[in-house]
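If you read the protein sequences in the order shown, they are chains C and L.
Position 47 (the first sequence) corresponds to 44 in my numbering; numbering is contiguous.
Position 85 (the second sequence) corresponds to 82 in my numbering; numbering is contiguous.
There are 2 protein chains.
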Amino acid sequence: MHISARSDYAVRAVVVLAAAGSGPTKGETIAADQHIPAKFLEAILGALRQAGIVASRRGAEGGYWLARPAADISVADVIRAVDGPLAEVRGGPPEAVTYGGVASDLQVVWMAVRANIRQVLEQVSVADIAAGELPPHVRDLAADPDVWLTR
Amino acid sequence: MHISARSDYAVRAVVVLAAAGSGPTKGETIAADQHIPAKFLEAILGALRQAGIVASRRGAEGGYWLARPAADISVADVIRAVDGPLAEVRGGPPEAVTYGGVASDLQVVWMAVRANIRQVLEQVSVADIAAGELPPHVRDLAADPDVWLTR
DNA sequence: GGCATCCCCATCGACAAGGTAGAGATAACG
DNA sequence: CGTTATCTCTACCTTGTCGATGGGGATGCC
């Protein structure tokens, strides 16, 4: 899977905004709170703004805030805004690949993987993370000790 | 997630070998059957050999075959052999990242994602794909029409 | 006007992805 | 023994992305 630094930073920034409430929060403040390079975060917040996830204002007393309720912003929304589609096969959507002969069922496997990724990322909102209250089925998945083995 | 060409090619090659039975199959034959660049496939098969997934013999009548029963080789095994860990966060294992303050539950989300990826890739063997008989819970995941939407 | 903050553009080094080329080792077979 | 077929190894190439930085411009509050 490889969650990029961009996606990781983006989700954390949005979670900070979810916890901050309605007033504007400075980019520098978010960067310092989450130990993210300030200029890099700026570019990420720009992408989030263009995607309609955050809003912003310049000047003194400026900053960023959420453009819609935190409960309506999923982790998947944030990742797609900064890094594109969640799951791809050879640079394209998995439903576009076609396999010949004996490997034809491989596409079904890729689709199942994407379905399972979505099942987590689309059902966790940034409000859930900010409040520390994840959906039960997500917490259950991570509760299995096997999951924490590096393998 | 981004399944690389390497992983895609590797899984398909191993599925071909699973379907081919016990005799050696030439690299060129696999490449032609699955439309994979021959020299690139060679490098991939080398990695699979070092991982103990395939065995090989040089010279006339040489080729590649599976080093162990096809039912004992999961898709996850193949991907790890050619591309390393299935899921990483910023270049490291998700259990290694640590988040401060309000984002601390984000790690649990990443762990849940990895758990769900593993649930598919570790439970599908190359024998399953070659035979066209995927485990029921995998086929069920891909049966949902929502999954085929690009989003 | 002055200051704080976001906004845009350009660039950078490091690395990986995907693919190619060619020479060398080794096994079967006549 | 020599020839041919095949894997094996090393090296290289091109293109793109990732993570990050710097500088100036636009904008908004006081």
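Note that CB positions come from ideal geometry on N, CA and C, so glycine has one too.
Taking C-alpha atoms, which residue in the options lies nearest to residue i?
i: ASP137/L; options: TYR61/C, ALA64/C, VAL106/C and SER19/C; result: VAL106/C
i: GLY130/C; options: ILE33/C, ALA68/C and ILE0/C; result: In the sequence as displayed, the identity of residue 130/C is Glu instead of Gly. For GLU130/C, the nearest C-alpha among the options comes from ALA68/C.
i: GLU25/L; options: ALA44/L, TRP145/L, TYR96/L and TYR61/L; result: TYR61/L
i: LEU63/C; options: VAL144/C, PRO21/C and ARG148/C; result: PRO21/C
i: ALA57/L; options: PRO142/L, GLY18/L, LYS23/L and LEU103/L; result: LYS23/L
i: MET(-2)/L; options: MET108/C, VAL123/C and ASP125/C; result: MET108/C
i: ILE0/C; options: GLY97/C, ARG77/C, VAL11/C and ALA44/C; result: ARG77/C
i: VAL11/L; options: VAL123/L, GLY59/L, TYR96/L and GLY97/L; result: VAL123/L
i: LEU38/L; options: VAL13/L, SER19/L and TYR6/L; result: TYR6/L
i: PRO132/L; options: PRO142/C, VAL144/C, LEU103/C and VAL94/C; result: LEU103/C
i: SER19/L; options: ARG65/L, TYR96/L and ASP141/L; result: ARG65/L
i: VAL144/C; options: VAL110/L, ALA17/L and SER53/L; result: VAL110/L
i: VAL13/C; options: VAL86/L, PRO142/L and GLY97/L; result: GLY97/L
Along chain L, which residues have their Cβ under 9 angstroms away from the Cβ of residue i?
i: GLU85/C; result: MET(-2), HIS(-1) and ILE0
i: LEU131/C; result: ASP102, VAL105, VAL106 and ALA109
Apply the 10 Å Cβ neighbour rule to residue i and answer buried if 16 or more other Cβ atoms are within range, or exposed otherwise.
i: ASP80/L; result: buried
i: SER171/L; result: Residue 171/L is absent from the structure shown; chain L starts at -2 and stops at 148.
i: ARG9/L; result: buried
i: LEU42/C; result: buried
i: SER71/L; result: buried
i: LEU146/L; result: exposed
i: ALA35/C; result: exposed
i: ASP125/L; result: buried
i: ASP74/C; result: buried
I'd like to check one pair, residue j with residue i: are the Cβ atoms closer than 9 angstroms?
i: ALA139/C; j: ALA112/L; result: yes
i: VAL99/C; j: VAL121/C; result: no
i: ALA127/L; j: ALA40/L; result: no
i: ARG148/C; j: PRO82/L; result: yes
Please list, in chain order, the chain C residues whose beta carbon lies closer than 7 angstroms to that of residue i.
i: PRO90/L; result: THR147
i: ILE114/L; result: MET(-2), VAL110, ASN113 and ILE114
i: VAL75/L; result: By Cβ distance, chain C contributes nothing, its closest Cβ being about 11 angstroms from VAL75/L, past 7 angstroms.
i: GLY98/L; result: ASP30
i: LEU118/L; result: VAL110
i: VAL121/L; result: VAL106
i: VAL51/L; result: Neighbours of VAL51/L on chain C: none; closest Cβ ~16 angstroms, over 7 angstroms.
Starting from the beta carbon of residue i, find every residue of chain L whose beta carbon is closer than 7 angstroms, and list them in chain order.
i: ARG46/C; result: Correct list: empty, because the minimum Cβ distance to chain L is about 20 angstroms.
i: ALA124/C; result: Those do not exist, as ALA124/C stays about 11 angstroms from chain L at its closest Cβ, beyond 7 angstroms.
i: ALA16/C; result: VAL99
Give the residues of chain C in contact with residue i, contact being defined as C-beta atoms less than 8 angstroms apart.
i: TRP107/L; result: ILE0
i: ALA68/L; result: Within chain C, no residue comes near ALA68/L; the closest Cβ sits about 15 angstroms away, beyond 8 angstroms.
Mind pulling the chain L residues with CB within less than 8 angstroms of residue i?
i: VAL79/C; result: In chain order: nothing, as chain L lies at least about 14 angstroms away.
i: LEU138/C; result: MET108, ALA109, ALA112 and ASN113
Strictly below 9 angstroms CB to CB, what residues from chain C border residue i?
i: ARG65/L; result: None at all; the shortest Cβ gap to chain C is about 18 angstroms.
* **the region 24 to 31 of chain C / the region 111 to 127 of chain L touching (three or more Cβ pairs under 8 angstroms)** => The region 24 to 31 of chain C, when compared against the region 111 to 127 of chain L, does not touch it at the 8 angstroms Cβ threshold.
* Examine the Cβ distances between the region 49 to 67 of chain C and the region 85 to 93 of chain C and report whether three or more of them are shorter than 8 angstroms. => Short answer: they don't touch.
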